[in-house]
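Enquirer:
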Amino acid sequence: MRTPNGEMNTGLKKGSWSLEEDKKLVSYVNRYGIWNWSHMPKYAGLSRSGKNCRLRWMNYLKPNIKRGKFSKEEEEIILHSHSLLGNRWSAIATRLPGRTDNEIKNYWHTHLKKRGSHNLVHETTNPNDSSTSYAFQDNDNKNTQHQLNHVTDIIVTQSSTTSEDDNSSSTSIISSIEQEVDIKDNYYDIGSPGTV
DNA sequence: AAAATACACAACCGCGCGAGC
DNA sequence: CGCTCGCGCGGTTGTGTATTT
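Heads up: the first sequence at position 126 corresponds to 126 in this note's numbering, and the numbers run straight through without jumps.
1) When the Cα atoms are used, what is the spatial distance from His82 to Asn106?
2) I'd like to know whether the C-beta atoms of Ile104 and Ala93 end up nearer to each other than 7 angstroms.
3) Which value, in whole angstroms, describes the spacing of the CA atoms of Lys23 and Asn59?
4) Thinking just about the alpha-carbon of each residue, which of Lys14, Lys42, Cys53 and Arg95 is nearest to the one in Val26?
5) Excluding five sequence neighbours on each side, which residues of the same chain lie with their C-beta closer than 7 angstroms to the C-beta of Ser38?
6) Do Gly98 and Ile65 have their C-beta atoms within less than 7 angstroms of each other?
7) Work out the CA separation of Val29 and Trp57 for me, nearest whole Å.
8) Identify the continuous alpha helix (DSSP H) that holds Met40 and give its terminal residues.
9) DSSP on Lys13, reduced to helix/strand/coil?
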């Protein structure tokens, strides 16, 4: 979109994808599968970089990708996940089957960022229920973010073992997120020497 | 009706990580 | 052990569209 139909010195096309290009990529992947993104475009007859093809496939052409507006439930999941994981969009995306990290990231920046995690705290925190106070009070808490990186693997693993087909309810997902909070809390209880 | 502004989203870029040599 | 390559991720940008003035 940046440079519609533009071309670089490398001869690789950039910018928006044409229907023809989409068709080529889809039919190639359907026929031969994904084996090597950097070599694939040549065989698929595309003047695109492998990276470009991968991005297009992952964010737009891949089967089962959900398009259109986010539901209230999805929104909730994003807010919850973001409060836990921060800007780890790919991790958040694993909780929303059919949604891509890019889509979630865009949605966050355009719809949810304004509300921010502060709002989430206000929305979810029950004064009588301290268990909901896990939402970050400070988005810029980089140390916390850094530490959270270590637990994300656990979280993602758990997510993949939790049944998560398209029909899974948001409440079950959110409750699994809340279980993750326990994991996180335990992690902090144990502590990580040398890291502050 | 036209211009200005805000919003939404596809796509690009750079970086880091892991695997293979 | 160090280097190269490919992949994936997150931040950011640019353009089309909608809304407001």
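All C-beta atoms, glycine included, are put in the ideal place defined by N, C-alpha and C.
Just so it is clear, the structure is predicted and the values come from calculations on it, not from any experiment.
Expert: Answer, in terms of the structure:
1) Start at 1 with the first residue of the first sequence, and residue 82 comes out as number 82. Start at 1 with the first residue of the first sequence, and residue 106 comes out as number 106. Distance between the alpha carbons of His82 and Asn106 is about 13 angstroms.
2) What you label residue 104 is simply residue 104 of the first sequence in a count that begins at 1. What you label residue 93 is simply residue 93 of the first sequence in a count that begins at 1. Cβ distance < 7 angstroms, so Ile104 and Ala93 count as in contact.
3) The residue labelled residue 23 in the question sits at position 23 within the first sequence. The residue labelled residue 59 in the question sits at position 59 within the first sequence. When only Cα atoms are considered, Lys23 and Asn59 end up about 15 angstroms apart.
4) If you number the first sequence from 1, residue 26 lands on position 26. Minimum Cα distance to Val26 is reached at Cys53.
5) On the first sequence, residue 38 is found 38 positions in, with the first residue counted as 1. Cβ within range, chain order: Gly50.
6) Residue mapping note: residue 98 aligns to position 98 of the first sequence, counting from 1. Residue mapping note: residue 65 aligns to position 65 of the first sequence, counting from 1. Against a cut-off of 7 angstroms, the Cβ pair of Ile65 and Gly98 comes out as a contact.
7) By one-based count along the first sequence, residue 57 stands at place 57. By one-based count along the first sequence, residue 29 stands at place 29. Approximately 9 angstroms between the Cα atoms of the pair.
8) Start at 1 with the first residue of the first sequence, and residue 40 comes out as number 40. If you look at Met40, you'll find it in the alpha helix (DSSP H) that goes Met40 to Ala44.
9) For the purposes of this step, residue 13 is identified with residue 13 of the first sequence, where counting begins at 1. Shown here, Lys13 sits in a strand according to DSSP, grouped into three states.
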